[in-house]
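Just below is one structure, and these are the notes that go with it.
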């Protein structure tokens with residue numbers, strides 16, 4: 032399932048990913064780590080960043096990946112009032128879970144990067160966007176492709192030049208587990 036915005040010069044880059052699962056907490060070297068009430072840690076495996084059809088290099092920064100959990104009322108307002116949940120930079124997660132996080136990389140025009148690493152996004156699991164209940168735990172990724180120049184001028188640039196391809200089967204049902212160690216992080 033492709034999502035995103037293919038605007039910009041040339042063909043868009045395609046980031047393939049799969050939603051692995053959602054959990055409430057994990058044990059770190061310094062003790063237990065728990066999500067906030069009504070929140071969880073969503074794990075996504077970034078499989079590839081395909082820039083083979085683009086005519087320019089892509090500076091891929093996984094910290095700019097987010098999930099938009101805004102309500103329609105928030106979308107009617109300015110971008111900074113949206114409920115965007117960005118990738119966590121908490122170093123306890125990869126250390127405790129034994130995973131590697133997706134690295135920052137520059138993918139040249141015509142290039143493709145096999146990432147096969149994770150991003151983790153703390154997010155609301157109580158359907159904060161008010162969307163259909165049956166899809167409340169199926170999340171689409173987006174990318175903040177704005178810069179300080181264009182966001183200051185009021186331009187909203189979300190996933191510009193980037194498409195996301197969620198490789199989970201369409202009928203995949205997500206559930207929330209208490210312990211992140213229960214997730215199949217492969």
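Numbering (our numbering), first residue to last: 32 to 217. The beta-carbon is built from N, C-alpha and C at its ideal position, and this holds for glycine as well. None of the values given here were measured: they were computed from a predicted structure.
Residue i to residue j span [Cα, whole Å]
{"i": "residue 142", "j": "residue 198", "result": "20 Å"}
{"i": "residue 111", "j": "residue 66", "result": "23 Å"}
{"i": "residue 108", "j": "residue 96", "result": "21 Å"}
{"i": "residue 68", "j": "residue 84", "result": "43 Å"}
{"i": "residue 161", "j": "residue 103", "result": "8 Å"}
{"i": "residue 175", "j": "residue 211", "result": "27 Å"}
{"i": "residue 61", "j": "residue 140", "result": "43 Å"}
{"i": "residue 201", "j": "residue 193", "result": "21 Å"}
{"i": "residue 63", "j": "residue 124", "result": "11 Å"}
{"i": "residue 46", "j": "residue 133", "result": "12 Å"}
{"i": "residue 92", "j": "residue 135", "result": "5 Å"}
{"i": "residue 89", "j": "residue 55", "result": "33 Å"}
{"i": "residue 122", "j": "residue 165", "result": "32 Å"}
{"i": "residue 58", "j": "residue 100", "result": "27 Å"}
{"i": "residue 113", "j": "residue 170", "result": "16 Å"}
{"i": "residue 217", "j": "residue 44", "result": "24 Å"}
{"i": "residue 195", "j": "residue 148", "result": "15 Å"}
{"i": "residue 167", "j": "residue 42", "result": "31 Å"}
{"i": "residue 220", "j": "residue 204", "result": "Outside the displayed span of the chain (32 to 217) sits residue 220, for which this structure offers no information."}
Beta-bridge pairing of residue i - partner residues as DSSP gives them
{"i": "residue 211", "result": "None; residue 211 has no bridge partner."}
{"i": "residue 143", "result": "81"}
{"i": "residue 153", "result": "72"}
{"i": "residue 90", "result": "137"}
{"i": "residue 99", "result": "115"}
{"i": "residue 131", "result": "DSSP output for residue 131 lists no bridge partner at all."}
Residue i, DSSP secondary structure in three states
{"i": "residue 136", "result": "strand"}
{"i": "residue 159", "result": "coil"}
{"i": "residue 173", "result": "strand"}
{"i": "residue 55", "result": "strand"}
{"i": "residue 200", "result": "coil"}
{"i": "residue 183", "result": "Low per-residue confidence applies at residue 183: pLDDT is 47, beneath 50, and the placement is therefore not dependable, though the value from the model is reported in the following sentence. Three-state DSSP puts residue 183 in a helix."}
Span of the alpha helix (DSSP H) around residue i
{"i": "residue 124", "result": "123–128"}
{"i": "residue 104", "result": "103–106"}
Anticipated Cβ contact below 8 Å, residue i with residue j, distance rounded
{"i": "residue 138", "j": "residue 73", "result": "So it is not a contact: roughly 24 Å between Cβ atoms."}
{"i": "residue 116", "j": "residue 130", "result": "Their Cβ separation, rounded to whole angstroms, is 19 Å, which puts residue 116 and residue 130 out of contact at 8 Å."}
{"i": "residue 70", "j": "residue 156", "result": "6 Å"}
{"i": "residue 77", "j": "residue 150", "result": "6 Å"}
{"i": "residue 50", "j": "residue 75", "result": "6 Å"}
{"i": "residue 80", "j": "residue 146", "result": "6 Å"}
Residue interval of the beta strand (DSSP E) (run including residue i)
{"i": "residue 63", "result": "62–65"}
{"i": "residue 164", "result": "First-last for residue 164: undefined, no H or E at that position."}
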